[in-house]
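Working notes, structure below.
There are 2 protein chains.
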Amino acid sequence: MKDIQTLLFANDAFYAAFAQQDLPAMTALWSSREPVACLHPGWPPLVGRETVLRSWASILEVSNTDITHEDPDAWREGVVGIVICNERLGGSLLTATNLFRLEEERWLLFHHQAGAVAAVPPPPPPRPGTLQ
Amino acid sequence: MKDIQTLLFANDAFYAAFAQQDLPAMTALWSSREPVACLHPGWPPLVGRETVLRSWASILEVSNTDITHEDPDAWREGVVGIVICNERLGGSLLTATNLFRLEEERWLLFHHQAGAVAAVPPPPPPRPGTLQ
């Protein structure tokens, strides 16, 4: 259970670094051990820590990092921690897979994929006179 | 090394079941152990074997399963096998993360995410008179 809490904490730290455009924090969150990979929406796959961190440097330079995440599902398979969650980035809803590797008792990111979710329409407004 | 070959074989089997609309084969490829999850492009996250297999039943019913995959990168982290690859589905280029769990010496799928890649434009035609 403590594992899952620390895994969720690492996942929170990833989105905090993203939202705060904090490249040093983002860099520290990613594993120094290869393989490391990242599948940004609309990009070809990036493989290798240096390539992945270069992509984050360019993403965090832009101003639209108004990202939040919600509804995480987290579990552990041996040394791998898996988190799937929704992301809200600007007006878009995305869904993500984040993979962490347990290294010296720290969960370090080694893979991230995010992709668009078709927006779920909001529920219809209540009809006048109906009970809520 | 043998691990990686069997992992790539399991990944090939996934795309063969997809392309051949073979629901029994697809069902056998997915782990019977929870957690199981699947993030189809444009869909909200699906969690749980039954929900995930219901989604595959509806996907394999439609006719556009003209899928191929290419450029897989595969590696192992303990009991987890990770494959990232490109997918070509109809005219679309997607990229995917496939996660397999080693269960009684078989790699069984427990997570899949696919998402669109912006098409890379083909290289421009050579100018007349230039050397190739």
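Quick note, the sequences are listed as chains H and A, same order. Counting from 1, one number per residue, gives the positions in the first sequence under the working numbering. Counting from 1001, one number per residue, gives the positions in the second sequence under the working numbering. Idealized CB from N, CA, C, for every residue including glycine.
Query raised in the report: If you check the beta carbons only, do LEU108(H) and LEU39(H) fall under 8 Å apart?
Result: no
Requested in this report: Using a Cβ cut-off of 9 Å, pull out every chain H residue sitting near ASP1073(A), in sequence order please.
Outcome: Correct list: PRO35, ALA37, PRO45, VAL47.
Query - Beta-carbon gap between LEU60(H) and GLN113(H) smaller than 8 Å - result: No, the pair does not count as a contact, with Cβ atoms beyond the cut-off.
Query raised in the report: Which ranges would you report for the alpha helix (DSSP H) in the region 5-84 of chain H if only whole runs of at least 4 residues count?
Result: 23-29, 49-61
Query raised in the report: Once you ignore the five residues that flank ASN1064(A) on each side, which residues in its own chain have a CB closer than 6 Å to its CB?
Result: GLY1090
Report task. Give a yes or no on whether 8 Å exceeds the smallest Cβ distance from HIS1111(A) to chain H. Result -> yes
Query - Inter-stretch contact (C-beta, 8 Å, three-pair minimum) for the region 1077-1087 of chain A and the region 1096-1106 of chain A - result: yes
Report task. Give me the Cβ distance between ARG1076(A) and LEU1007(A), rounded to the nearest whole Å; I'm assuming they're in contact under 8 Å. Result -> 7 Å
Query raised in the report: Got a sec? Which residues, its chain only, sit under 8 Å from VAL1117(A) by beta carbon, not counting five neighbours each side?
Result: ASN1086, LEU1093, LEU1094, THR1095.
Requested in this report: Spell out whether any CB of chain A is found under 8 Å from the CB atom of VAL79(H).
Outcome: Yes, VAL79(H) lies at the interface with chain A (some Cβ there is under 8 Å from its Cβ).
Query raised in the report: In chain A, which residues lie with their C-beta within 8 Å of the C-beta of ALA59(H)?
Result: According to the sequence displayed, residue 59(H) carries Ile and not Ala. Simply none; closest approach about 15 Å.
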